[in-house]
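Residue numbers (our numbering), protein chains in the order written: chain A, 1 to 431; chain B, 1001 to 1431.
C-beta: ideal position from N, C-alpha, C; glycine also.
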């Protein structure tokens, strides 16, 4: 530490995700990363995310662990439902040393909310009444956050800390409740004096992690946490300065760009998908897709973004040879001569999509996603790409992508997104 | 506990996912649920998954927490890369009380593996040599698992336990290395005498959790952990008996089916996607899609499965009205009269897809995914579905789905999959 006095640690926070279906891997959590980003943006240093099943001892042990790890704030998700395995309110009450009481206001709120559904579905009755009552039990003294589904959220102050924010498990309910959690007085009090961090981000295409490490080895990184993360073909570099080390982070950011700018995708954290959307809108271009092995994954990824109807014309999933010919005009003789997986057919898919949808840019993808269908010349993972545009550009690629069926399809979709970005002319690097 | 002597606890295991990019939420973990399912299938009781950033103290504290939670096995993922923030081998060595040493065999293995790429990319040199050397440092006495990427995995025995299995972070590498981890002698020794569990699963469509709770309230669940999990419109019920309680789990399984069979999707854990694939294959049917708001998500989901070319003919993403008419033959007057989001257009999309692709089943989806485009009559979330088949079935639905754009698109895709399952006649329930 060169200047320990000028750098302040950020307050530590922890996330506890509850649910036996999470701990057994039956489902994948969607709340942890979202909460971590929100807490980071508020200025907290998220130390751990812990998953625990619906067992009181495991939940309690997780809370205690986060306390020993110095967390002043713990956010929990899940375990607020109507069944006996929903234990979070009970365990958090015990953790804070208070009793649970029935909140009449919450009870009638839930009752009113589900009344229509209960009647229509025929599920009204004692089971539902018991469920409603259970969901209305809150720790004494807790701040109740209005339900966005049926269960209310809670802000519970443990004497001596930490503060515990208890949120429901369904991602939509959790995200809907978050603003009222952040606005709750005890949370506001904790946030008082916490500065939002000035993180910096970089994204590169095809740069290995070792190169970033080599660049950093000669630089002073005191007070700046630098993390690199390889996501398929993209490398993400995040720089997180402690309060006081912001200028050093800026200098490191500039130094990394100077050394690796050729492969830069973005210097501000923008994703390829954001850049593609912006570039197409800026140019007033529409895009159409002709997909074989990716089977609609590229179209779906383009449509993911709100407002995409302004630049997505549509697409065809032409899985069979007949469909390639009938819907996108790929000549049957071309398929017979070169094979369905060939640069020629990728080009014809791109042109066909552009033509049939009247779009400015066409993307063609054809490949062997596996596990069957591979040959020596065209093994599993072999994919041909082509992007053509109304201004006369034709960009083709042939790659043998690693991994299993799902990997290959995702990597192929990534590659097509990069090629789309290149054809718009919006790539900052020169490669 | 009615019969405590006949029920044995399963050995406890913990998962530690490392990486600052995970703890900050920059990326979502893909290894935790996969590892949890594998460990569960081997007979372990997974108690916690913990995420920790790339800081030695946080990693060590996580290992210590899993020890206090009684874990006899800890599986870690990540932190084996070439950069300074990759610390797992070092921290695990210290945890086990041993030194790190350079393993010459591993070093030359990595060197050989990357030689071609290093030459072609121009990245050969001192940075790469240092990275290779770092990745070849292993704890004294550890079992080295051959690299599936560049980094080797490790099995490290701590005197007095637990056993630590150290795996790389990239999911493909981790999954590829898992068989050799399970086959390693110390892991085999731990598994000796652990029986694979006999879990039972149920899946329902549209059944609320409170109904399952109500059914269970009258039954003896001793020794059987019952968890319910609502995933969008499907409710999953898992029954996990401790050794000795298998028969009770069978009885509970039968009792839940007896009470809620009308809405049963499957009684053996089969997913809707598996059932749709099997039903289409069994009937020798092919399917074609005409999608608007889902934008290829249904086609992509159908193509996700290996062998899907046997029953997926293809699909059209007809986002614009022009595309609906030009590619799927939806009459322009129909769109003008009823609107693009209407039961009539959903039907025409289904018929058009079936016709253009020469398929047996056609699925049409048109809706308002939002955030813009909603009206009072057709709000955001309003989606029209139609499935038609060559044997004359026509199933239509109109729903207003909750949530944001992504939720709506996913729920719409779910609904379409259910309708597909119904049209094949493969639903066990009567609803």
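Between residue i and residue j, what straight-line distance do the alpha-carbon atoms span, to the nearest angstrom?
i                       : j                       : result
residue 226 of chain A  : residue 45 of chain A   : 14 Å
residue 22 of chain A   : residue 1059 of chain B : 21 Å
residue 148 of chain A  : residue 176 of chain A  : 6 Å
residue 1056 of chain B : residue 1014 of chain B : 18 Å
residue 1303 of chain B : residue 17 of chain A   : 32 Å
residue 423 of chain A  : residue 276 of chain A  : 10 Å
residue 1188 of chain B : residue 1352 of chain B : 56 Å
residue 20 of chain A   : residue 54 of chain A   : 5 Å
residue 1389 of chain B : residue 388 of chain A  : 36 Å
residue 1409 of chain B : residue 1301 of chain B : 12 Å
residue 1327 of chain B : residue 360 of chain A  : 17 Å
residue 220 of chain A  : residue 230 of chain A  : 23 Å
residue 1120 of chain B : residue 1209 of chain B : 57 Å
residue 1050 of chain B : residue 50 of chain A   : 4 Å
residue 1413 of chain B : residue 1140 of chain B : 52 Å
residue 1091 of chain B : residue 1075 of chain B : 14 Å
residue 1010 of chain B : residue 116 of chain A  : 44 Å
residue 1078 of chain B : residue 1153 of chain B : 10 Å
residue 254 of chain A  : residue 245 of chain A  : 15 Å
residue 1306 of chain B : residue 145 of chain A  : 45 Å
residue 186 of chain A  : residue 161 of chain A  : 11 Å
residue 3 of chain A    : residue 247 of chain A  : Since pLDDT at residue 3 of chain A reaches only 37, below the 50 mark, its modelled position is unreliable, and no value is offered.
residue 1286 of chain B : residue 308 of chain A  : 30 Å
residue 1182 of chain B : residue 163 of chain A  : 41 Å
residue 43 of chain A   : residue 1268 of chain B : 46 Å
So, at 7 Å on beta carbons, what are the nonlocal neighbours of residue i in its own chain, with the 5 sequence-adjacent residues on each side left out?
i                       : result
residue 1193 of chain B : none
residue 1400 of chain B : 1379, 1381 and 1382
residue 151 of chain A  : 80, 81, 135 and 168
residue 281 of chain A  : 310 and 311
residue 1283 of chain B : 1424
residue 314 of chain A  : 288 and 357
residue 1178 of chain B : 1038
Within its chain, find whatever has a CB closer than 8 Å to the CB of residue i; leave out the 5 residues flanking it on each side and keep chain order.
i                       : result
residue 61 of chain A   : 52
residue 1213 of chain B : 1228
residue 1340 of chain B : 1292, 1321, 1324 and 1366
residue 1047 of chain B : 1012, 1013, 1014, 1066, 1069, 1070 and 1071
residue 1415 of chain B : 1233, 1383, 1385, 1397, 1399 and 1401
residue 1271 of chain B : 1203
residue 1417 of chain B : 1272, 1273, 1276, 1298 and 1301
Suppose contacts are defined by Cβ-Cβ distances below 9 Å. Is residue i in contact with residue j by that definition?
i                       : j                       : result
residue 343 of chain A  : residue 396 of chain A  : yes
residue 81 of chain A   : residue 25 of chain A   : no
residue 1184 of chain B : residue 1222 of chain B : no
residue 1180 of chain B : residue 1411 of chain B : no
residue 1350 of chain B : residue 1334 of chain B : no
residue 1211 of chain B : residue 127 of chain A  : yes
residue 1345 of chain B : residue 1330 of chain B : yes
residue 1073 of chain B : residue 1190 of chain B : yes
residue 1137 of chain B : residue 1196 of chain B : no
residue 173 of chain A  : residue 1172 of chain B : no
residue 1298 of chain B : residue 1256 of chain B : no
residue 1279 of chain B : residue 1084 of chain B : no
residue 251 of chain A  : residue 198 of chain A  : no
What are the partner residues of residue i, as DSSP defines its beta bridges?
i                       : result
residue 76 of chain A   : A/16 and A/166
residue 205 of chain A  : A/234
residue 48 of chain A   : A/14 and B/1052
residue 182 of chain A  : In DSSP, residue 182 of chain A forms no bridge with anything.
residue 137 of chain A  : A/102
residue 318 of chain A  : B/1314
residue 1227 of chain B : B/1238
Return the chain-ordered list of same chain residues with a C-beta closer than 6 Å to the C-beta of residue i, the five sequence neighbours on each side being excluded.
i                       : result
residue 1394 of chain B : 1388
residue 1105 of chain B : none
(request) Examine the Cβ distances between the segment 1124-1140 of chain B and the segment 1108-1116 of chain B and report whether three or more of them are shorter than 8 Å. (result) yes
(message) Contact between the segment 229-242 of chain A and the segment 1094-1101 of chain B is defined here as three or more beta-carbon pairs at a separation below 8 Å; is this criterion met?
(response) no
(message) For the segment 287-298 of chain A against the segment 355-372 of chain A, do three or more pairs of beta-carbon atoms, one drawn from each stretch, fall closer than 8 Å, so that the two count as touching?
(response) yes
(request) Please determine if the segment 197-216 of chain A and the segment 259-276 of chain A are in contact, where contact requires at least 3 C-beta pairs separated by less than 8 Å. (result) yes
(message) Under 8 Å, with one C-beta from each stretch per pair, do the segment 1027-1035 of chain B and the segment 26-37 of chain A reach the 3-pair mark?
(response) yes
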